[in-house]
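Structure first, commentary second.
2 protein chains.
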Amino acid sequence: MATTGTDLSRMREMNMLSIVWALRGNPPSTVTELAGRAGLSRPAVDVLVQSLVTDGWAEVEEPGANSVVGRPARRFRFRADAGHVLGIDIGVHKILVMLSDLEGNLVHTLRRPVDPEAAPEARFAAVDRAIDKVLRSAGMAPADIWAVTVGVTGPVDASGRTTISTPLPGWLTADPVAHLAARFACPIQVENDCKLAAVAERWKGVASDADDIVFLLAGLRTGAGLILDGALRRGHGGAAGEIGALKAVRWLSAPAHLETCPGVPATAAPGEAAAWVFQAARDGDRQARTAVRRYTRDLAVGVAALVLALDPQVVVYGGGFSRSADVVLEPLRQELTKHCLRLPELRASTLGDESVALGAVRLALDEVDSRLLSDGLAAPTAPRRDTSRNDAN
Amino acid sequence: MATTGTDLSRMREMNMLSIVWALRGNPPSTVTELAGRAGLSRPAVDVLVQSLVTDGWAEVEEPGANSVVGRPARRFRFRADAGHVLGIDIGVHKILVMLSDLEGNLVHTLRRPVDPEAAPEARFAAVDRAIDKVLRSAGMAPADIWAVTVGVTGPVDASGRTTISTPLPGWLTADPVAHLAARFACPIQVENDCKLAAVAERWKGVASDADDIVFLLAGLRTGAGLILDGALRRGHGGAAGEIGALKAVRWLSAPAHLETCPGVPATAAPGEAAAWVFQAARDGDRQARTAVRRYTRDLAVGVAALVLALDPQVVVYGGGFSRSADVVLEPLRQELTKHCLRLPELRASTLGDESVALGAVRLALDEVDSRLLSDGLAAPTAPRRDTSRNDAN
DNA sequence: ATGAATTAGTAAACTGCTCAGCATTATCCA
DNA sequence: TGGATAATGCTGAGCAGTTTACTAATTCAT
Numbered sequence: 001m002a003t004t005g006t007d008l009s010r011m012r013e014m015n016m017l018s019i020v021w022a023l024r025g026n027p028p029s030t031v032t033e034l035a036g037r038a039g040l041s042r043p044a045v046d047v048l049v050q051s052l053v054t055d056g057w058a059e060v061e062e063p064g065a066n067s068v069v070g071r072p073a074r075r076f077r078f079r080a081d082a083g084h085v086l087g088i089d090i091g092v093h094k095i096l097v098m099l100s101d102l103e104g105n106l107v108h109t110l111r112r113p114v115d116p117e118a119a120p121e122a123r124f125a126a127v128d129r130a131i132d133k134v135l136r137s138a139g140m141a142p143a144d145i146w147a148v149t150v151g152v153t154g155p156v157d158a159s160g161r162t163t164i165s166t167p168l169p170g171w172l173t174a175d176p177v178a179h180l181a182a183r184f185a186c187p188i189q190v191e192n193d194c195k196l197a198a199v200a201e202r203w204k205g206v207a208s209d210a211d212d213i214v215f216l217l218a219g220l221r222t223g224a225g226l227i228l229d230g231a232l233r234r235g236h237g238g239a240a241g242e243i244g245a246l247k248a249v250r251w252l253s254a255p256a257h258l259e260t261c262p263g264v265p266a267t268a269a270p271g272e273a274a275a276w277v278f279q280a281a282r283d284g285d286r287q288a289r290t291a292v293r294r295y296t297r298d299l300a301v302g303v304a305a306l307v308l309a310l311d312p313q314v315v316v317y318g319g320g321f322s323r324s325a326d327v328v329l330e331p332l333r334q335e336l337t338k339h340c341l342r343l344p345e346l347r348a349s350t351l352g353d354e355s356v357a358l359g360a361v362r363l364a365l366d367e368v369d370s371r372l373l374s375d376g377l378a379a380p381t382a383p384r385r386d387t388s389r390n391d392a393n
Numbered sequence: 001m002a003t004t005g006t007d008l009s010r011m012r013e014m015n016m017l018s019i020v021w022a023l024r025g026n027p028p029s030t031v032t033e034l035a036g037r038a039g040l041s042r043p044a045v046d047v048l049v050q051s052l053v054t055d056g057w058a059e060v061e062e063p064g065a066n067s068v069v070g071r072p073a074r075r076f077r078f079r080a081d082a083g084h085v086l087g088i089d090i091g092v093h094k095i096l097v098m099l100s101d102l103e104g105n106l107v108h109t110l111r112r113p114v115d116p117e118a119a120p121e122a123r124f125a126a127v128d129r130a131i132d133k134v135l136r137s138a139g140m141a142p143a144d145i146w147a148v149t150v151g152v153t154g155p156v157d158a159s160g161r162t163t164i165s166t167p168l169p170g171w172l173t174a175d176p177v178a179h180l181a182a183r184f185a186c187p188i189q190v191e192n193d194c195k196l197a198a199v200a201e202r203w204k205g206v207a208s209d210a211d212d213i214v215f216l217l218a219g220l221r222t223g224a225g226l227i228l229d230g231a232l233r234r235g236h237g238g239a240a241g242e243i244g245a246l247k248a249v250r251w252l253s254a255p256a257h258l259e260t261c262p263g264v265p266a267t268a269a270p271g272e273a274a275a276w277v278f279q280a281a282r283d284g285d286r287q288a289r290t291a292v293r294r295y296t297r298d299l300a301v302g303v304a305a306l307v308l309a310l311d312p313q314v315v316v317y318g319g320g321f322s323r324s325a326d327v328v329l330e331p332l333r334q335e336l337t338k339h340c341l342r343l344p345e346l347r348a349s350t351l352g353d354e355s356v357a358l359g360a361v362r363l364a365l366d367e368v369d370s371r372l373l374s375d376g377l378a379a380p381t382a383p384r385r386d387t388s389r390n391d392a393n
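Protein chains in written order, with the UniProt record's numbering: chain V, 1 to 393; chain W, 1 to 393.
Spelled out as C-alpha cells, the structure:
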C-alpha cells in the first residue's frame with residue numbers, strides 16, 4: 001500500500017484517462033454526459049476532451065437531427081481505430097487470429113485448420129500466413145499493432161515458454177515470443193488457453209457479472225482457468241488451475257468414457273464420438289447416459305477440488321463439449337452437490353471455440369490500458385516492447 | 001477499471017495519506033526524508049506534516065544530540081498510540097486477545113484457557129472478561145478501540161456467522177458480531193482462523209516476501225488459508241480453502257494416524273499423543289516414523305490439490321503441529337513432488353499459536369487503513385461501524 | 001413570426017496546491 | 001569568534017479545476 005505523492009500534471013493525466021474511460025465503450029457522448037460519468041465539472045471536461053481531439057484520441061461528431069429542446073450538443077467519440085491488437089489462438093487442430101480495435105470490436109477474424117501433428121516450425125509458418133492475411137485484408141502493417149497475445153495449450157511460464165507439458169508436438173522447445181518478436185515491436189504475451197477462455201467468458205461471455213470464476217475447458221482434453229477478484233489468476237509459475245494433474249482427479253481419462261461407449265459408430269473420429277454419445281444421451285439411450293454420467297463423475301472430482309479451494313461464484317462449462325452442456329450440466333450439478341460445501345452457479349459457455357482468441361484480445365487490450373495508466377497518453381502510437389524482456393532467450 | 005476524476009482537495013488528501021504511509025513504520029523522520037519517500041517537494045511536505053501535527057496524527061521530536069554538522073532537523077513521528085485495535089482468537093481450547101496500536105505494535109496480550117465443551121454464551125463471557133482485563137491494564141475504554149477482528153474455526157459468511165460446520169459446540173447459532181456490537185461501536189469483523197493465520201504469516205511470519213501463499217493449519221484439525229496476489233482470498237461465500245471437505249482428501253482422518261500409533265502412552269491426551277509420536281519419530285522409532293509418513297501422505301493430497309489449483313510461491317506449515325515441522329516437512333516435500341507439477345517452497349511457521357490473533361490484528365489494521373483511504377483523515381478518532389450492517393440479525 | 005424555455009459553449013475570477021529559489025537560522029568546527 | 005553546513009521559512013510563479021455568469025443555438029408554444 002505504498003501511496004505515492006501526486007502533483008498537478010499527474011492529476012491532469014488521471015482526469016484525462018478518466019475521460020477516455022468514460023468515452024470508450026459508450027455511444028458518442030456530450031460534454032455534460034462525460035462530466036457526469038467522470039465526476040468532473042463541465043468546463044474541465046471541455047478542455048480535456050479538446051486536447052484528446054487534438055492528440056487524436058477522440059473525434060467530434062457535429063450535431064445532426066436532434067429532437068430535444070435546447071442547443072444541440074457536440075458529441076465526442078473515442079477513436080477506437082487509433083490502434084489495434086491481435087489475439088491469436090494456436091490450437092492443436094486450428095489457428096484463430098482476431099484483429100480488434102481499441103474498443104474490443106473485432107475488425108477481422110481468420111480461422112485456419114492445422115495438422116495436429118505439425119511441428120512448431122510448420123505451426124508458426126501457418127500462424128504467420130494467417131497474420132499476414134488478416135493484416136492485408138485490414139490494410140495494416142505490423143507496426144500498426146499495439147499488442148499481441150497468443151494462447152497455447154499447457155502451462156506457460158513468465159517468458160512465454162511451455163516447459164512442463166503440452167499436447168502440441170515439439171512445443172516444449174518452441175518460443176512464440178521470440179518468433180513473433182521478429183515482426184512485432186509491440187508487447188507480446190503468451191498465455192495458457194484455459195486462462196484466456198476464462199477471461200473471455202468474463203468479458204463477453206456468460207460470466208460478465210461475476211468476479212470469482214472457475215472456467216472449465218471441457219473437450220478431449222480438460223483444463224481450468226481461474227478468475228479471482230476480477231483478475232486472471234496465473235499462479236506464481238503460471239501453472240494455476242492445473243488440478244487435472246492430481247492422480248485422484250481423473251481428467252485425463254474422463255473423456256474415454258465417451259469414446260469407448262458401446263454403440264459409437266466405428267468410423268467416428270474422437271471428437272465426433274463424444275458428440276455422438278451426447279446426442280444419443282439426449283435421445284434417451286441408456287448406455288450413452290451411463291457413459292455421460294461416468295464422464296461427469298470423473299469431471300466433478302476436479303471441479304469440486306477447485307470449488308472447495310476457491311469458493312467461486314460461478315463455474316462456467318466451456319470448451320468443445322460445451323455445445324452439449326444440456327446433458328452434462330444437470331448430472332454435474334448433482335455430483336458437485338455431493339462433494340461441495342456451497343454449490344456455485346453452473347453456467348454453459350456460449351462463446352464456443354472462439355473463447356481463447358477472444359480472451360487473447362482482451363489481454364492484449366489490458367496490456368494497452370496498463371501502458372496508458374503507467375506512461376500516460378501521448379499521441380496514439382504503437383508502444384514498444386520492453387527490451388529488457390528479450391534476454392529470455 | 002473505473003478511474004474517477006480528481007480535484008485539488010482529493011489530491012491534498014492523497015498527499016496527506018502518502019505522508020502518513022511514509023511516516024508510519026519508520027523511525028522519526030526529517031522533512032527531507034519524508035519528501036524523498038513520498039515523492040513530494042520539501043515545502044509541500046512541510047505544510048502537510050504541520051497539519052498532521054495539529055490534527056494529532058503526528059508529533060514533533062525536538063532535536064537532541066546531533067552528530068552531523070548543520071542545523072539539526074526536527075524529526076516527526078507517527079502517533080501510533082492515537083488509536084488501537086483488538087485481535088481476538090476464539091479457539092476451541094483457548095482465547096487470545098491482542099491489543100495493538102496503529103503501527104501494529106502489541107501493547108497487551110492475554111491468553112485464557114477455555115473449556116472445549118463450553119457453550120457459546122460461556123465462551124462469549126470468557127471473551128468479555130479477557131477483553132475487559134486487557135482494556136483495564138491498558139487504561140482504555142471500548143470507545144478507544146478503532147476496529148475489532150475475531151477469529152473462529154469454520155467457514156465464516158459475510159455476516160460473521162459460521163453456518164456450515166464448526167468444532168465449537170453450538171456455534172452455528174452464535175453471532176459474534178451482534179455480541180460485540182453491544183460494547184463496540186467501531187467496525188467488527190469475524191474471520192476464519194486459517195485465513196487469519198495466513199495473513200499473519202505474510203505480515204510478521206515466515207512468508208513476508210511472498211504474494212502467493214497457501215497456509216496450512218495443521219493440528220488435530222486441518223485447514224488452509226490462501227493469500228493470492230498479496231490479498232487474503234475469502235471466497236464468494238467465505239469458504240475458500242476448505243479443500244478438506246473433499247472425500248479424496250483425508251484431512252479429517254489424517255491426524256488419527258498419529259493418535260492410533262502403537263506405543264503411545266495410554267494416558268496421553270489427543271494433542272499430547274501427536275507430540276509424543278513426533279518426538280519418537282525424531283528419535284528414530286520405526287512405528288512412529290511410519291505413522292508420521294501415513295499422516296503426511298494423507299495431508300499431501302489436499303496440499304497438492306491446493307498447489308495444483310493455485311500454483312503458489314510458498315506453502316507454510318503452521319498450526320499446533322508446526323513445532324514438529326522438522327519431522328514433517330521432508331516427507332511432505334517428497335509426497336508433494338509425486339503429485340505436483342511445480343513444487344513451491346515449503347516453510348515452517350514460527351508464529352506458533354499466536355498466528356490467528358496476530359492475523360486478526362492485521363485485518364483490523366487493514367480495516368482502519370481502508371477507512372482512511374476512503375474517508376480521508378480527519379482528527380484521529382474511533383470510526384463508527386456502518387449501521388447498514390446491523391440488519392443481519 | 002416571435003419570444004420563452006432550455007441546453008451548450010465560453011470566459012473570467014477564484015481557490016488551493018506544488019515548486020523553485022532565496023533569505024534566515026541553528027549548529028559544528030577550526 | 002567566525003566560517004561552513006544544512007535545515008527551515010517565506011515569497012512569487014505556475015497550473016488545474018471549480019464556480020459563476022454570460023452568450024449562443026435550438027425547440028416549442030402562442
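No residue lacks a Cβ here, since even glycine has one placed at the ideal position from N, Cα and C. These numbers were taken from a predicted model, which means no experiment stands behind them.
Task: the region 194 to 207 of chain V touching the region 178 to 186 of chain V, judged by at least three CB pairs closer than 8 Å - done: No, they do not touch.
- [ ] Look at the Cβ atom of V/Val316, then the Cβ atom of V/Ser349, and state whether they are nearer than 8 Å.
- [x] In terms of Cβ geometry, V/Val316 and V/Ser349 form a close pair [threshold 8 Å].
- [ ] Could you work out which residues of chain V lie near residue 404 of chain W, taking near to mean beta carbons separated by less than 9 Å?
- [x] One cannot answer for residue 404 of chain W here, as it falls past the ends of chain W, which runs 1 to 393.
Open item on the list: Rounded to whole angstroms, what is the Cα-Cα separation between W/Leu329 and W/Leu346?
Closed with: 7 Å
Task: Per-residue burial, V/Asp7 [other beta carbons within 10 Å of its own, 16 or more giving buried] - done: exposed
Task: Close Cβ partners of W/Val31 (< 8 Å) along its chain, the five nearest in sequence each way excluded - done: Arg42, Val45, Asp46, Val49, Ala73, Arg74 and Phe76
Open item on the list: Among V/Pro344, V/Val301 and V/Pro169, whose alpha-carbon lies nearest the alpha-carbon of V/Arg250?
Closed with: V/Val301
TODO: May I ask you to list the residues that DSSP assigns as paired with W/Ala218?
DONE: W/Thr222
Task: C-beta atoms of V/Ala274 and V/Ala281 nearer than 8 Å - done: no
Open item on the list: Less than 8 Å between the C-beta atoms of W/Leu217 and W/Gly271, yes or no?
Closed with: no
Open item on the list: DSSP has W/Thr153 in a bridge; who is on the other side?
Closed with: DSSP links W/Thr153 through a beta bridge to no other residue.
TODO: Measure the C-alpha to C-alpha separation of V/Glu201 and V/Pro312 and round it to an integer number of angstroms.
DONE: In a straight line, the C-alpha of V/Glu201 is about 14 Å away from that of V/Pro312.
TODO: State the start and end residues of the unbroken beta strand (DSSP E) segment that holds W/Asp101.
DONE: Lys94 to Asp101
Task: Residue burial classification, V/His93 (beta-carbon count within 10 angstroms, cutoff 16) - done: exposed
- [ ] Round the Cβ separation of W/Trp146 and W/Gly83 to the nearest angstrom and send it over; I've been treating them as touching at under 8 Å.
- [x] 4 Å
Open item on the list: So W/Leu372 and W/Leu86 are supposed to be a Cβ contact under 8 Å. How far apart are they, rounded?
Closed with: That belief does not hold up - the Cβ atoms of W/Leu372 and W/Leu86 are roughly 18 Å apart, past 8 Å.
Open item on the list: So W/Val301 contacts chain V; which residues on that side make the cut at Cβ distance below 9 Å?
Closed with: Per Cβ cutoff of 9 Å: Leu246, Lys247 and Ala248.
Task: 8 Å Cβ shell around W/Leu332 - same chain, five flanking residues per side excluded - done: Thr296, Leu299, Ala300, Val303, Tyr317 and Leu346
Task: Among W/His179, W/Pro142 and W/Gly70, the one whose alpha carbon lies nearest that of W/Arg384 - done: W/Pro142
Open item on the list: Alpha carbons only, please: which of W/Glu367, W/Lys133, W/Ser29 and W/Val152 is nearest the one belonging to W/Ile88?
Closed with: For the residues W/Glu367, W/Lys133, W/Ser29 and W/Val152, the minimum Cα distance to W/Ile88 belongs to W/Val152.
Task: Host beta strand (DSSP E) of W/Asn192 (start-end) - done: Ile188 to Asn192
- [ ] Name, please, each residue of chain W whose Cβ falls closer than 9 Å to the Cβ of residue 398 of chain V.
- [x] Since the first residue shown for chain V is 1 and the last is 393, residue 398 of chain V is missing from the structure and cannot be characterised.
TODO: Under 9 Å between beta-carbons, which chain W residues line up against V/Asp229? List them in chain order, please.
DONE: Leu228, Asp229, Ala231 and Arg233
Task: Neighbour flag for V/Asp212 against chain W, beta carbons, 8 Å - done: yes
Task: Three-state class that DSSP yields for V/Phe124 in the structure shown - done: helix
- [ ] Could I get the ranges of all uninterrupted beta strand (DSSP E) runs contained in the region 18 to 98 of chain W, with 3 residues as the minimum, in chain order?
- [x] The region 18 to 98 of chain W contains, as complete beta strand (DSSP E) runs of 3+ residues, the segments 58 to 61, 75 to 78 and 84 to 90 (chain order).
TODO: Could you pull the start and end residues of the beta strand (DSSP E) that V/His108 belongs to?
DONE: Leu106 to Pro113
- [ ] Within 10 angstroms of the Cβ of W/Ser9, are there 16 or more other Cβ atoms? Answer buried if so, exposed if not.
- [x] exposed
Open item on the list: Tell me which residues of the region 126 to 158 of chain W have at least one Cβ-Cβ distance to chain V shorter than 8 Å, keeping chain order.
Closed with: Cβ contacts with chain V: Pro155.
- [ ] Compute the Euclidean distance between the alpha carbons of V/Ser322 and V/Glu242, then round it to the nearest angstrom.
- [x] 19 Å
Open item on the list: V/Gly160 and V/Asp175 - do their beta-carbons sit closer together than 8 Å?
Closed with: yes
TODO: Pick helix, strand or coil for W/Val249, following the three-state DSSP scheme.
DONE: coil
TODO: Output the distance between the C-alpha atoms of W/Val307 and W/Ala240, rounded to the nearest integer angstrom.
DONE: 14 Å
- [ ] Please compile the residues from chain V whose C-beta is within a distance smaller than 9 Å of the C-beta of W/Leu377.
- [x] In chain order: nothing, as chain V lies at least about 12 Å away.
TODO: Pull up the distance between the alpha-carbon of W/Ser324 and that of V/Arg233, whole angstroms please.
DONE: 33 Å
Open item on the list: In this structure, how does DSSP classify V/Asp391 when only helix, strand and coil are distinguished?
Closed with: Residue placement at V/Asp391 is flagged as unreliable, the pLDDT there being 40, under the threshold of 50; the coordinate-derived value follows with that caveat. Coil at V/Asp391, not helix or strand.
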